[in-house]
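Heads up: the sequence lines are chains A and B, in that order. Residue numbering for the first sequence follows the UniProt record's numbering, starting at 1 and increasing by one per position. Residue numbering for the second sequence follows the UniProt record's numbering, starting at 1 and increasing by one per position. To start, the structure under review is shown below, and the notes come after it.
2 protein chains.
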Amino acid sequence: MDNFTFYSPTYFAFGKGTENEAGHYVKRFGGHKVLIHYGGGSAVRSGLIDRVKASLEKEGLSYVVLGGVKPNPRSGLVYEGIELCRKEGVDFILAVGGGSTIDSSKAIAVGTVYDGDFWDFYSGKAQAEKSLPVGSVLTIAAAGSEASGGSVITNENGMYKRAYGCELMLPVFAIMNPELTMSLPPYQTASGCTDIMAHVFERYFTNTKEVEITDRLCEGVLKTIIKELPKVLENPNDYEARANIMWAGTMAHNDICGAGREQDWASHNLEHELSALYDCAHGAGLAVMFPAWMTYVMHHDVNRFAQFAVRVWGCEMNYQNPEETAKEGIARTKAFFHSVGMPTSFEELGAKEEDIPKLLETLQIDGRTEGFFVKLGRKECEAVYRLACR
Amino acid sequence: MDNFTFYSPTYFAFGKGTENEAGHYVKRFGGHKVLIHYGGGSAVRSGLIDRVKASLEKEGLSYVVLGGVKPNPRSGLVYEGIELCRKEGVDFILAVGGGSTIDSSKAIAVGTVYDGDFWDFYSGKAQAEKSLPVGSVLTIAAAGSEASGGSVITNENGMYKRAYGCELMLPVFAIMNPELTMSLPPYQTASGCTDIMAHVFERYFTNTKEVEITDRLCEGVLKTIIKELPKVLENPNDYEARANIMWAGTMAHNDICGAGREQDWASHNLEHELSALYDCAHGAGLAVMFPAWMTYVMHHDVNRFAQFAVRVWGCEMNYQNPEETAKEGIARTKAFFHSVGMPTSFEELGAKEEDIPKLLETLQIDGRTEGFFVKLGRKECEAVYRLACR
Numbered sequence: 001m002d003n004f005t006f007y008s009p010t011y012f013a014f015g016k017g018t019e020n021e022a023g024h025y026v027k028r029f030g031g032h033k034v035l036i037h038y039g040g041g042s043a044v045r046s047g048l049i050d051r052v053k054a055s056l057e058k059e060g061l062s063y064v065v066l067g068g069v070k071p072n073p074r075s076g077l078v079y080e081g082i083e084l085c086r087k088e089g090v091d092f093i094l095a096v097g098g099g100s101t102i103d104s105s106k107a108i109a110v111g112t113v114y115d116g117d118f119w120d121f122y123s124g125k126a127q128a129e130k131s132l133p134v135g136s137v138l139t140i141a142a143a144g145s146e147a148s149g150g151s152v153i154t155n156e157n158g159m160y161k162r163a164y165g166c167e168l169m170l171p172v173f174a175i176m177n178p179e180l181t182m183s184l185p186p187y188q189t190a191s192g193c194t195d196i197m198a199h200v201f202e203r204y205f206t207n208t209k210e211v212e213i214t215d216r217l218c219e220g221v222l223k224t225i226i227k228e229l230p231k232v233l234e235n236p237n238d239y240e241a242r243a244n245i246m247w248a249g250t251m252a253h254n255d256i257c258g259a260g261r262e263q264d265w266a267s268h269n270l271e272h273e274l275s276a277l278y279d280c281a282h283g284a285g286l287a288v289m290f291p292a293w294m295t296y297v298m299h300h301d302v303n304r305f306a307q308f309a310v311r312v313w314g315c316e317m318n319y320q321n322p323e324e325t326a327k328e329g330i331a332r333t334k335a336f337f338h339s340v341g342m343p344t345s346f347e348e349l350g351a352k353e354e355d356i357p358k359l360l361e362t363l364q365i366d367g368r369t370e371g372f373f374v375k376l377g378r379k380e381c382e383a384v385y386r387l388a389c390r
Numbered sequence: 001m002d003n004f005t006f007y008s009p010t011y012f013a014f015g016k017g018t019e020n021e022a023g024h025y026v027k028r029f030g031g032h033k034v035l036i037h038y039g040g041g042s043a044v045r046s047g048l049i050d051r052v053k054a055s056l057e058k059e060g061l062s063y064v065v066l067g068g069v070k071p072n073p074r075s076g077l078v079y080e081g082i083e084l085c086r087k088e089g090v091d092f093i094l095a096v097g098g099g100s101t102i103d104s105s106k107a108i109a110v111g112t113v114y115d116g117d118f119w120d121f122y123s124g125k126a127q128a129e130k131s132l133p134v135g136s137v138l139t140i141a142a143a144g145s146e147a148s149g150g151s152v153i154t155n156e157n158g159m160y161k162r163a164y165g166c167e168l169m170l171p172v173f174a175i176m177n178p179e180l181t182m183s184l185p186p187y188q189t190a191s192g193c194t195d196i197m198a199h200v201f202e203r204y205f206t207n208t209k210e211v212e213i214t215d216r217l218c219e220g221v222l223k224t225i226i227k228e229l230p231k232v233l234e235n236p237n238d239y240e241a242r243a244n245i246m247w248a249g250t251m252a253h254n255d256i257c258g259a260g261r262e263q264d265w266a267s268h269n270l271e272h273e274l275s276a277l278y279d280c281a282h283g284a285g286l287a288v289m290f291p292a293w294m295t296y297v298m299h300h301d302v303n304r305f306a307q308f309a310v311r312v313w314g315c316e317m318n319y320q321n322p323e324e325t326a327k328e329g330i331a332r333t334k335a336f337f338h339s340v341g342m343p344t345s346f347e348e349l350g351a352k353e354e355d356i357p358k359l360l361e362t363l364q365i366d367g368r369t370e371g372f373f374v375k376l377g378r379k380e381c382e383a384v385y386r387l388a389c390r
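As structure tokens, this is what we get:
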């Protein structure tokens, strides 16, 4: 096991009706003047934003609002949020939405108290030294941003995604009511669950040996999604299944699944170029990339893929030929994504093979590599993209 | 799934050499004048206390020391610590040891800044409103106290144990070097692992339905201990196995295994009377109590015990007679404890059947019940103790 640090100080309030405690938690964590940041009109139409406002008012807190966050959140709205926060003297950002809204909120939080351009952080030019506190009322189980210090923003000047993260950006609280995820359409629900599984995959396929405890936690999260996702596709109002998925999403990305081991993250980065170029759902892009990546890297550690097949998918171990078991696990992964309505190829996603050079260009892969399980240079990334085509 | 809150703000620094960062973390979390609190002479003889002192000195921090914490930590030393902290103006408690030392440190931390008698908290007369910060350098994988807000102290005036806990008592950091646990004798190692498993059992056997994610996390922690403990008994210097056990101990008790579900805790409370009366290792007492408790309550939910048998112990499900599978799981649990050198009866522990009335008296069970999976009154507690005799 590698040396590691683990820090997840976010306070979680989970369950029915918890959005009505938003004001209580903003106050507890030091907010006075709040930016309520959200996405589309559904949060308004459903009455959620009104309930959050009422909860803030009950605690005597004032607020301004900024909606309009899109999936793959854009730099333009971040600049707008920063200007608004400075003008209004905002001291707390409350994200009401999913990963995109929380990511956008984190960018506004570090940008508001920084003298320069917030993109300096995302482009690697500077490190954040302070941040406004961020809290969230989560409405989508997917990104795990409610419990991570990370944020991914799409720069509209060229449509490319970049990630930034630090301890300062760890949200101070997350309010998680599974009922708020019930209105999510099947495609977004499945896409979110794919993202959750992908967060575990990035940690599961590692070169670090003998990390049984994190292996087992990873497998537990994956098995939960595999069991619960088909239930919510069958009945979107299944509270218990929604609740299990929502908490699994947090467990997948607060890094308990990554403790003590090298992580990979090549597939996420390859996917970011897909969703930046085609504006597709991040999860859908991951459903395309992961089976391709797994197929490409499998021979690097056949036994790990066999363990994955047996422990996660319940395959029978083929002791005479572990490679067959490993392949079966990958096939089961792809078939599962398919069964829940996810695309598993460029073709099904609406991506084009002839765009691969463009994807490699925005990935800026020349002279460096992606991933750690297997280090992928330009040639290897291209090969993975090609495997993903069909 | 029940509504819940989850809060685990402790900063974990895990791995080789991390004890040399103690000063860094004390400073980060606001300490200036430190009480180094520890147990027996082994921490001194091994040079650990000297390394911790050097690390504090490097950061310009001053300290006083108080050793002598015993297993089942006593109220007397807590009073002594409180007096010392007040006299010396201590503002940070650094526990160097296992669960007993951390529990004693938490009691000193809340007691030092309280006007009355610290026992008020443990006897239910008062709630703590403030606390000094507590950090730890962990040397035993067992109690999970490094990541919990709980503390158990034995009152020497009558030799009975009482627990107290609150958010204020959550340690601010935990330094966890698995190498520090290598010198632990086999009996203490196995006793610690039994405690870890028991922390999961208390959460696993629940009346809350449909909490797949926490079921899976629980099973992952249990399977890890079952795999890794025999390895360290075979080779005490197996770093990887020690590391897996140490982190599993934290995962077992930071409450990720309890999220969203009713917990039990009858067995722990029944055991506390055993270790208070006989001064036995807490884990050894749990190895005696748990198989007895499981046998007594099994019929309340045979399918849950069958799931435990199949998923944790790898038993074959007997679909015609699930009770047989359930019983097999309990038998496997008892056999495992036996195989790692734990006692599994009063007789083996050195406890006496004729003391049962005394145990029930200090348990103060009249007019109330223990546990939630099945609520146990006086008669039922007596029956569990009797089952534990042989």
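Each residue gets a CB set at the ideal place from its N, CA and C atoms; glycine is no exception. A quick note: this is a predicted structure, and the numbers were derived from the prediction, not measured.
Could one say the Cβ of residue i lies closer than 8 Å to chain B's Cβ atoms, at least one of them?
i	result
Lys27 of chain A	no
Lys53 of chain A	no
Thr5 of chain A	yes
Met182 of chain A	no
residue 398 of chain A	One cannot answer for residue 398 of chain A here, as it falls past the ends of chain A, which runs 1 to 390.
Glu88 of chain A	no
Ile256 of chain A	yes
Which residues mark the beginning and the end of the alpha helix (DSSP H) in which residue i is found?
i	result
Gly165 of chain B	Element bounds for Gly165 of chain B: not the alpha helix (DSSP H) but the beta strand (DSSP E), Tyr160 to Gly165.
Thr139 of chain A	That residue, Thr139 of chain A, is in no alpha helix (DSSP H); it is neither H nor E in DSSP.
Ala109 of chain A	Gly99 to Thr112
His268 of chain A	Ala266 to Tyr278
Ser339 of chain A	Pro322 to Ser339
Tyr385 of chain A	Arg378 to Leu387
Asp238 of chain B	From DSSP, Asp238 of chain B is part of no alpha helix (DSSP H); its letter is neither H nor E.
Tyr25 of chain B	Ala22 to Arg28
Tyr204 of chain B	Pro186 to Tyr204
Measure from the C-beta of residue i to each C-beta in chain A and report whether the shortest distance is under 8 Å.
i	result
Asn72 of chain B	no
Pro9 of chain B	yes
Phe12 of chain B	yes
Glu316 of chain B	no
Leu217 of chain B	yes
Ile102 of chain B	no
Ile108 of chain B	no
Glu240 of chain B	yes
Thr224 of chain B	yes
Short check: CB of residue i to CB of residue j, under 8 Å?
i	j	result
Gly39 of chain B	Gly67 of chain B	yes
Ile108 of chain A	Ser136 of chain A	no
Ala196 of chain B	Ser145 of chain B	Before going further, note that residue 196 of chain B is Ile rather than Ala in the sequence given. Cβ atoms of Ile196 of chain B and Ser145 of chain B: not closer than 8 Å.
His24 of chain A	Ser105 of chain A	no
Tyr7 of chain B	Phe29 of chain A	no
Arg332 of chain A	Phe205 of chain A	no
Gly377 of chain A	Leu217 of chain B	no
Ser100 of chain B	Pro71 of chain B	yes
If you draw a straight line from the C-alpha of residue i to the C-alpha of residue j, how long is it?
i	j	result
Lys130 of chain B	Ile213 of chain A	35 Å
Pro291 of chain B	Ile330 of chain B	6 Å
Pro343 of chain B	Val288 of chain B	6 Å
Glu353 of chain A	Tyr385 of chain A	8 Å
Tyr164 of chain A	Glu380 of chain A	25 Å
Gly258 of chain A	Tyr278 of chain B	41 Å
Lys209 of chain B	Met1 of chain B	7 Å
Phe4 of chain B	Gly260 of chain B	5 Å
List the residues that DSSP assigns as beta-bridge partners of residue i.
i	result
Tyr11 of chain B	B:Phe173
Glu80 of chain B	DSSP, once it has assigned bridges, lists no residue as partnering Glu80 of chain B.
Ala95 of chain A	A:His37 and A:Ser136
Asn244 of chain B	According to DSSP, Asn244 of chain B bridges with nothing at all.
Where does the unbroken beta strand (DSSP E) through residue i begin, and where does it stop?
i	result
Ile153 of chain B	Gly150 to Asn155
Leu168 of chain B	Where Leu168 of chain B is concerned, there is no enclosing beta strand (DSSP E), given that its DSSP letter is neither H nor E.
Val65 of chain B	Ser62 to Leu66
Can you determine whether any heavy atom of the ligand NAP sits closer than 7 Å to the C-beta of residue i, and answer yes or no?
i	result
Phe173 of chain B	You won't find the ligand NAP in this model; it holds no ligand whatsoever.
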